[in-house]
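Undergrad: Each step along the sequence shown adds one to the number in numbering that gives the first Met the number 0, with nothing skipped, and position 130 is 129. Think of the CB as a built atom: it goes at the ideal place given N, C-alpha and C, for glycine as much as any other residue. Only a predicted model underlies this, so the values are computations on that prediction, with no experimental measurement involved.
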Amino acid sequence: MSKLKQLRPAAGSRRKRKRLGCGEGSGHGGTCTKGHKGLKCRSGGRVPPWFEGGQMPLQRRIPKRGFTNPGRVEYQVVNVEKLSKLESGSEVTPESLFEKRLVRNSKKPIKLLGAGEISIPLRIKVHAISKPARERIEQAGGSVELIR
0 MSKLKQLRPA AGSRRKRKRL GCGEGSGHGG TCTKGHKGLK CRSGGRVPPW FEGGQMPLQR
60 RIPKRGFTNP GRVEYQVVNV EKLSKLESGS EVTPESLFEK RLVRNSKKPI KLLGAGEISI
120 PLRIKVHAIS KPARERIEQA GGSVELIR
């Protein structure tokens, strides 16, 4: 029976470490297998992954498109179905939505969207509202006021 300490890798399955710069007799002396001159023989000499050999790079060949609108308004979205959990006849404002944790930021404007159903009347004050959301709230007997 063989013992654990007697186990050896199969012959030829393991390669010796390449010891560089240890004399010409080693076969890896002199230029240390890096050839003569040029970028790839120097320390840290690697071609960056985005380098295309002097060819015009891809990110410069592709045309620029669009722009960032400085006047863009980023709304926080609340769906009508979330409001159905509130008390009947209560007033819904950005502050009350923030307190109930239906929106994350009390500073950003709020837009009400029409996903889901609502059956309780509410007085809603928001910055923007979609047409289906307004219809569903008014069908339930509620009212909508837009904030500027």
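Hey, would you say A139 sits closer than 9 Å to I109, going by beta carbons?
TA: No, the pair does not count as a contact, with Cβ atoms beyond the cut-off.
Undergrad: Do T32 and K17 have their CB atoms nearer than 9 Å?
TA: For T32 and K17, yes; Cβs fall inside 9 Å.
Undergrad: Comparing alpha-carbon positions, which option in N68, T92, F66 and W49 lies nearest R59?
TA: Among N68, T92, F66 and W49, the Cα nearest to that of R59 belongs to W49.
Undergrad: Rounded to a whole number of angstroms, what is the C-alpha to C-alpha distance between F97 and V91?
TA: Between F97 and V91, the C-alpha separation is close to 10 Å.
Undergrad: Nearest CA to the CA of P131: which residue from K124, S142, L112 and H35?
TA: Here the closest residue by C-alpha is L112.
Undergrad: Between which two residues does the alpha helix (DSSP H) holding Q58 run?
TA: Its alpha helix (DSSP H) spans residues L57 to R60.
Undergrad: Looking at C-alpha atoms only, which residue of K124, P47, I61 and G70 is the closest neighbour of L145?
TA: It is K124 whose Cα lies nearest to the Cα of L145.
Undergrad: Could you give the uninterrupted runs of the beta strand (DSSP E) lying entirely in the region 89-118, keeping only those of 3 residues or more?
TA: Within the region 89-118, the complete beta strand (DSSP E) runs of at least 3 residues are 109-112.
Undergrad: In terms of alpha-carbon separation, which member of N104, S129 and N78 lies closest to P93?
TA: When each option's Cα is compared against that of P93, the closest is N104.
Undergrad: Quick check on R147: does DSSP put it in helix, strand or coil?
TA: R147 falls in the coil class under three-state DSSP.
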